[in-house]
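J.: Protein chains in written order, with our numbering: chain A, 1 to 115; chain B, 116 to 229.
#1: Using three-state DSSP, classify residue 185 of chain B as helix, strand or coil.
#2: At what residues does the beta strand (DSSP E) containing residue 77 of chain A begin and finish?
#3: Among the residues of its own chain, which have a CB less than 8 Å from the CB of residue 167 of chain B, if the five just before and after it don't count?
#4: For the beta strand (DSSP E) that contains residue 128 of chain B, what are its first and last residues?
#5: Tell whether a beta-carbon distance below 8 Å holds between residue 62 of chain A and residue 90 of chain A.
#6: Do you know how far the Cα of residue 103 of chain A is from the Cα of residue 211 of chain B?
#7: How big is the Cα-Cα spacing for residue 139 of chain B and residue 3 of chain A?
#8: On the criterion of 16 or more Cβ atoms from any shown chain inside 10 Å, does residue 26 of chain A qualify as buried, or is it exposed?
#9: By Cβ distance below 6 Å, which residues in the same chain neighbour residue 165 of chain B in space, the five residues on each side in sequence not counted?
#10: Is there contact here, the stretch 66-80 of chain A with the stretch 10-25 of chain A, by at least three beta-carbon pairs under 8 Å?
#11: Go ahead and pull the three-state DSSP assignment for residue 26 of chain A.
#12: Out of A/93, A/83, A/55, state which residue places its alpha-carbon closest to the alpha-carbon of residue 70 of chain A.
#13: Can you give me the Cβ contacts of residue 49 of chain A inside the same chain, cut-off strictly under 6 Å, excluding the 5 residues immediately before and after it?
#14: Check the DSSP bridge columns for residue 208 of chain B and list the partner residues they point to.
#15: Determine, for residue 44 of chain A, whether the minimum Cβ-Cβ distance to residues of chain B falls below 8 Å.
#16: Find out if the Cβ-Cβ distance for the pair residue 47 of chain A, residue 60 of chain A is shorter than 8 Å.
#17: Based on the DSSP secondary-structure assignment, which residues constitute the bridge partners of residue 68 of chain A?
#18: With C-beta atoms as the reference, is residue 181 of chain B less than 8 Å away from residue 170 of chain B?
#19: Would you grab the beta carbon distance between residue 130 of chain B and residue 198 of chain B for me? Rounded to a whole angstrom, and I think it's under 8 Å.
#20: Label residue 196 of chain B either buried or exposed according to how many other C-beta atoms from any shown protein chain fall within 10 Å of its C-beta, with 16 as the threshold for buried.
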């Protein structure tokens, strides 16, 4: 079975500061990993995904994540936070043994940006 | 191209009432999903449909039924609503057939059961 753990249900940073959202996964097979973002009162949208090519994955809005197999981590970073980054972020792992591309979501991290 | 649409946006039910949440996608996707989102629990899969004509249970199927009406539409039915089903419900779709598929989400339905 696969799972993801997001460390910290709420992270607050100042505008212009580094954003670091932590995600650790558990998987018995090489995983596919995703970060999704949810803005208030909206559905989720894909930020980036790791599919076993480059370990450093670049996404939209200046975000990137690095797959580290030795640490079973897939942390999300952005060098300089913007007010528009305030949202909830979900890490997810795919269950590759299903007939559909089922993915398993973490519990989410709410990112707040201080002016 | 509307993507994934859901109706209604909001709904209040009394315990024991029934209702159907509607979902449609216009991207010709094969796979569709229903999730519920509760505070601190992320998204949990209720049911999914890998392709037209098939449906399977997810993590939390009890109290729900689904119908894949055609390739575009996937509905979720609550036969006898309970307060524990108060949640935000999201429908999603993917092209299907690949573990790396991006899931495309609808805007959600906020359901309150009194």
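Positions of the beta carbon are idealized from the N, C-alpha and C atoms, including for glycine.
T.: Put simply:
#1: In the second chain, residue 185 of chain B corresponds to position 70, counting from 1. Residue 185 of chain B falls in the coil class under three-state DSSP.
#2: For this step, residue 77 of chain A is matched to residue 77 along the first chain. Start and end: 73-78.
#3: Numbered from its first residue, the second chain carries residue 167 of chain B at position 52. Answer for residue 167 of chain B: 145, 183, 185, 186, listed in chain order.
#4: Taking the second chain and counting its residues from 1, the one referred to as residue 128 of chain B is at position 13. Element bounds for residue 128 of chain B: 125-128.
#5: Position 62 of the first chain, counting from 1, holds the residue named residue 62 of chain A. Position 90 of the first chain, counting from 1, holds the residue named residue 90 of chain A. Result no, Cβ atoms of residue 62 of chain A and residue 90 of chain A do not sit closer than 8 Å.
#6: Locating residue 211 of chain B in the second chain gives position 96, where the first residue counts as 1. Locating residue 103 of chain A in the first chain gives position 103, where the first residue counts as 1. Roughly 12 Å between the two C-alpha positions.
#7: Position 24 of the second chain, counted from the first residue, corresponds to residue 139 of chain B. Position 3 of the first chain, counted from the first residue, corresponds to residue 3 of chain A. Each residue's alpha carbon lies about 29 Å from the other.
#8: Numbered from 1 along the first chain, position 26 holds the residue referred to as residue 26 of chain A. That one is exposed.
#9: In the second chain, counting from the first residue as 1, residue 165 of chain B sits at position 50. Around residue 165 of chain B: 146.
#10: yes
#11: Taking the first chain and counting its residues from 1, one reaches residue 26 of chain A at position 26. Three-state DSSP puts residue 26 of chain A in a strand.
#12: Walking along the first chain from the start, residue 70 of chain A turns up at place 70. The residue with the shortest Cα to Cα distance from residue 70 of chain A is A/55.
#13: Taking the first chain and counting its residues from 1, one reaches residue 49 of chain A at position 49. Same-chain partners within the cutoff: 34.
#14: Start at 1 with the first residue of the second chain, and residue 208 of chain B comes out as number 93. According to DSSP, residue 208 of chain B bridges with B/147, B/219.
#15: Walking along the first chain from the start, residue 44 of chain A turns up at place 44. Output row for residue 44 of chain A: interface = yes.
#16: By 1-based counting over the first chain, the position of residue 47 of chain A is 47. By 1-based counting over the first chain, the position of residue 60 of chain A is 60. The answer is yes: Cβ separation under 8 Å.
#17: Stepping through the first chain from its first residue, residue 68 of chain A is reached at position 68. Partner(s): A/73.
#18: Counting from 1 along the second chain, the entry for residue 181 of chain B is found at position 66. Counting from 1 along the second chain, the entry for residue 170 of chain B is found at position 55. Yes.
#19: For the purposes of this step, residue 130 of chain B is taken as the residue at position 15 of the second chain. For the purposes of this step, residue 198 of chain B is taken as the residue at position 83 of the second chain. That belief holds up - the Cβ atoms of residue 130 of chain B and residue 198 of chain B are roughly 6 Å apart, short of 8 Å.
#20: Within the second chain, residue 196 of chain B is the residue found at index 81, counting from 1. Counting Cβ neighbours within 10 Å, residue 196 of chain B comes out buried, since at least 16 surround it.
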